[in-house]
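For the sequence shown, my numbering assigns the number 216 to the last residue and increments by one with no breaks.
Don't be surprised by glycine CBs; every beta carbon is placed ideally from N, CA and C.
Only a predicted model underlies this, so the values are computations on that prediction, with no experimental measurement involved.
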Amino acid sequence: MNRHSYFHIFLGGDELVKKDKPKYKQIVDAAVIVIAENGYHQAQVSKIAKQAGVADGTIYLYFKNKEDILISVFQEKMGMFVEKLEHILTQEVSASEKLRLMIESHFGLLSGDLHLAIVTQLELRQSNHEIRMKINGVLREYLLQMDKILVKGMEDGEFDKDMDIRLARQMVFGTMDETITTWVMNDHKYDLVDLAPKVHRLLMKGMRA
C-alpha cells in the first residue's frame, strides 16, 4: 500500500483534500520550526501563522487546533520515512543490506532537518495520550514495512529463523530511536549518519542466523 492510499484510509477523504491545498505544507513546515524552537506547549497558533506567513484564521481552515497541527506534522513527515523505506524494499539486495539502508535513510532524514529531529524525539513525547495514540497509528505503517525486511531475512536464512518478529522490531526501532535522541540531546555534536554502520553491525549480531 503506498503512502497516498494508506493516509487516505487513516485520515479520511476530507482530510486528504486539505493536504492537497496550497498552504497546508507551508503551515506544517512552519509548525515544525515553531514547535522545535519554542517547545510544543509554548508554540502558539499565532506564532505558527506568523512563521508560515498566513493570517491566524487561515490556520483553522486546515486544522482544528494545535493538537491537530502536531498530529498532522507527524503524519506528513512520517510519510517521507515510509516512502523512502518502500523504495529500499524494491531493491534487489539482501535483507541485511536493506536494514543498513533503512538505518542510514532514517538517520539521514533527521540529521538533515534538525527542527524535525527535535520535534520527533523530544516534543512528541510530551504530548497527551490521545495524540500519542494517533501518532502510533501513523508509525504502525513504518513498522509494518520494517517487518518485511525482518521476514525476508528469516526466510533467506540471514536472520535467526526462530527470532520473535515483534521483539526484533522493537529492538531495531528502539535502537535507532535512542541513538537519534542521544544525538539531539548532545546538540548534534557529531555526525549521526556516521553511526549507521555501527548500529547496523550491533543489530546484526543480535539477529544473525
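* Option nearest GLU93 by Cα separation, candidates ILE78, PHE81, HIS113, ASP75 -> Nearest neighbour of GLU93 by Cα position, chosen from ILE78, PHE81, HIS113, ASP75, turns out to be HIS113.
* Would you tell me roughly how many angstroms separate the C-alpha atoms of GLU137 and VAL145, rounded to the nearest one? => Taken atom to atom, the span from the alpha-carbon of GLU137 to that of VAL145 is near 13 Å.
* Indicate the three-state DSSP secondary structure (helix, strand or coil) for PHE70 in the structure shown. => Residue state, collapsed to three classes: coil.
* Can you tell me where the alpha helix (DSSP H) with LEU129 in it begins and where it stops? -> Neither: LEU129 is in no alpha helix (DSSP H) and is coded neither H nor E.
* To the nearest angstrom, how far is it from the Cα of ILE172 to the Cα of VAL158? -> Linking ILE172 to VAL158 through their CA atoms gives a straight-line distance of about 8 Å.
* CA-CA distance, GLU74 and ILE66? -> If you take the alpha carbons of GLU74 and ILE66, they lie about 12 Å apart.
* Reducing DSSP to helix, strand and coil, say where GLY19 ends up. => Because the pLDDT of GLY19 is 45, which lies under 50, any placement of that residue in the model is unreliable, and the number read from its coordinates should be weighed accordingly. Residue state, collapsed to three classes: coil.
* CA-to-CA distance, ILE78 to ILE16, given in whole angstroms -> Bear in mind that the predicted position of ILE16 carries a pLDDT of just 38, short of 50, making it too unreliable to give a figure here.
* Asked: For ILE40, which residues of its own chain have a beta-carbon under 6 Å away from its beta-carbon, when the five flanking residues on both sides are left out?
  -> Excluding positions up to five away in sequence, the list reads GLN58, HIS122.
* Asked: Which stretch, first to last residue, makes up the alpha helix (DSSP H) that contains GLN51?
  -> Where GLN51 is concerned, there is no enclosing alpha helix (DSSP H), given that its DSSP letter is neither H nor E.
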